[in-house]
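To keep things clear, I will list the structure first and then write my remarks on it.
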Amino acid sequence: MSAMALSACGGGGAAGSDEGAKGASGIRIKVSAQDGATDAGLSTGVRVSGGKLTEVRLIRVDNGASVKGAIAADGSSWKPSVQLERGTTYKLVANAKADNGRTATENATFTTVSSKNSFLASYTPDGGKTVGVGMPVSFTFDKSIANKKDVQSHITVTSSSGQQVVGHWFGSQRLDFRPQEYWKAGSKVTLKIDLDGVKGGGGITGVQSKTLAFTIGRSQVSTVDMNTQTMTVVRDGKTIKSVPISGGSPKNPTYNGQMVISEKLVQTRMDGSTVGFSNPTETYDIPDVPHAMRLSASGTFVHGNYWGSPSVFGRSGTSHGCIGLQDNKGGGGETPGKWFFDQSLLGDVVVVKNSHEQTVKPDNGLNGWNLSWSDWQAGSAL
2 MSAMALSACG GGGAAGSDEG AKGASGIRIK VSAQDGATDA GLSTGVRVSG GKLTEVRLIR
62 VDNGASVKGA IAADGSSWKP SVQLERGTTY KLVANAKADN GRTATENATF TTVSSKNSFL
122 ASYTPDGGKT VGVGMPVSFT FDKSIANKKD VQSHITVTSS SGQQVVGHWF GSQRLDFRPQ
182 EYWKAGSKVT LKIDLDGVKG GGGITGVQSK TLAFTIGRSQ VSTVDMNTQT MTVVRDGKTI
242 KSVPISGGSP KNPTYNGQMV ISEKLVQTRM DGSTVGFSNP TETYDIPDVP HAMRLSASGT
302 FVHGNYWGSP SVFGRSGTSH GCIGLQDNKG GGGETPGKWF FDQSLLGDVV VVKNSHEQTV
362 KPDNGLNGWN LSWSDWQAGS AL
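Residues 2 to 383 in the working numbering are what the sequence shown lists, from first letter to last.
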């Protein structure tokens, strides 16, 4: 909980004043939601000075259910074990005791911010994951953010490598973070989300408060050369394999640029009609594409291909824009498609060059590496 989010508590006689909150006991109890508040955060907690907390009770008013929480080892604070529900009224009672034996109690009844008046963000990657060197930290907000500066300032991303990490807004609902160069292999990245109570503009308030960390694995960057229809896989600076591929056809070329693997699917259906191929002579519908890894939100994948003639791999582009590797129906056997799938992490980078197509847009997938560092920094609200 941010100390800045704390406010003088209410309830219990004159507790709305500093004198009342401190009282004759010399103990000052602060609840991070004012008594009577209708927009309290979902991590509402308690802090105390001049004494130690001895008991905190938090219940839902509508059904009397108790909310579990924990008092800090030094007795100075309490916080709920889980985030509170949005649009719900709670009653809190906090008791504290000073070294001289005097006690104090503070009460507060408050209602958490409603879904309508709050915003949430989904984000990737999640804590505890090991990802490739290209994985950005990407937030997607469920509502438009007008107050970008305050929202961005309450999200911090740091790396054990010491790399500077900067945020970049794509429109009003997406905020990505990355360093100037790919993450250093083996580094640990820590993400602190301190949005609970932060105003997003337009009457909406943040409700998330969480700290998590993920690990950067080995460095793997694979370069696809459309002139030679080959993919060179480089790990930790050394080439480990050259794989024949079949990229986009002359009519449907593959995007150029740096693309990050954002999803791995052992098997998936690919239906051309969902990505704009409506002409019966051009479209496709393959129910069991093996070893598919997403490179763009618009449908670019690197995947196994069991339907193409073996003669096309390493020789000609035949796809609708994807990067195909020779594979077997059902994904069995030791094939190039299976090998690359097994060797890849979410966040690994696939670079495409010499295609007769434009460079992939930086917000089409997790592909912000296609912006220069100066352009990336220009998209920060800070």
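Glycine included, C-beta positions come from ideal geometry on N, C-alpha and C.
Output the distance between the C-alpha atoms of residue i and residue j, rounded to the nearest integer angstrom.
i, j, result
"R48", "K149", "29 Å"
"E335", "D343", "11 Å"
"G162", "N96", "This sequence places Ser at residue 162; Gly is not what is there. Cα to Cα, S162 sits roughly 43 Å from N96."
"K144", "H357", "37 Å"
"R87", "S50", "29 Å"
"I146", "G202", "6 Å"
"R270", "D286", "7 Å"
Looking only at its chain, what residues have a beta carbon closer than 8 Å to the beta carbon of residue i, apart from the 5 residues adjacent to it on each side?
i, result
"A186", "V134, I217, G218, R219, S220, D237"
"Q209", "L43, Q84, L121, A122, I194, L196, D197"
"V352", "V222, S223, T224, V225, G258, Q259, M260"
"A71", "W79, K80, S82"
If I'm right that residue i touches residue j with Cβ under 8 Å, what's the distance once you round it to whole angstroms?
i, j, result
"A214", "T112", "The pair is not a contact, with the Cβ atoms about 33 Å apart (cut-off 8 Å)."
"V290", "I324", "About 12 Å separates the two Cβ atoms, so there is no contact after all."
"G332", "Q268", "6 Å"
"Q230", "S247", "6 Å"
"S263", "L367", "5 Å"
"S297", "Y256", "7 Å"
"T141", "D36", "With a Cβ gap of about 35 Å, T141 and D36 do not count as contacting."
"S188", "S160", "5 Å"
Quick check: does the Cβ of residue i come within less than 8 Å of any heavy atom belonging to the ligand ATP?
i, result
"T233", "The ligand ATP is absent from the structure shown, which contains no ligand whatsoever."
Buried or exposed: where does residue i fall if 16 or more other Cβ atoms within 10 Å of its Cβ makes it buried?
i, result
"W1", "Residue numbering for the chain in the displayed model covers 2 to 383; residue 1 lies beyond these limits and cannot be assessed."
"L383", "exposed"
"N365", "buried"
"D40", "buried"
"G172", "exposed"
"A379", "exposed"
Got a sec? Which residues, its chain only, sit under 6 Å from residue i by beta carbon, not counting five neighbours each side?
i, result
"Y307", "D328, N329, K330"
"T90", "V62, T112"
"S78", "R48"
"S250", "G318, T319"
"I60", "S67, K92"
"H321", "N253"
Please list, in chain order, all residues of the same chain as residue i whose beta carbon is under 7 Å from its beta carbon, the five residues on each side excluded.
i, result
"K200", "N148, D151, T206"
"V132", "P126, F215, I217, G218, L346, L347, G348"
"N355", "D226, M227, N228"
- Message: Could you tell me which whole beta strand (DSSP E) segments of length 3 or greater appear in the region 261-341?
- Response: Listed in chain order, the complete beta strand (DSSP E) runs (minimum 3 residues) inside the region 261-341 are 264-272, 286-295, 302-306, 324-327.
- Task: Would you list, in sequence order, the uninterrupted beta strand (DSSP E) runs of no fewer than 3 residues that lie entirely inside the region 21-94?
- Result: Whole beta strand (DSSP E) segments, 3+ residues: 29-32, 47-50, 53-61, 70-72, 78-81.
- At 4 residues or longer, and completely inside the region 168-203: list those alpha helix (DSSP H) runs for me, N to C. Qualifying alpha helix (DSSP H) stretches: none in this window.
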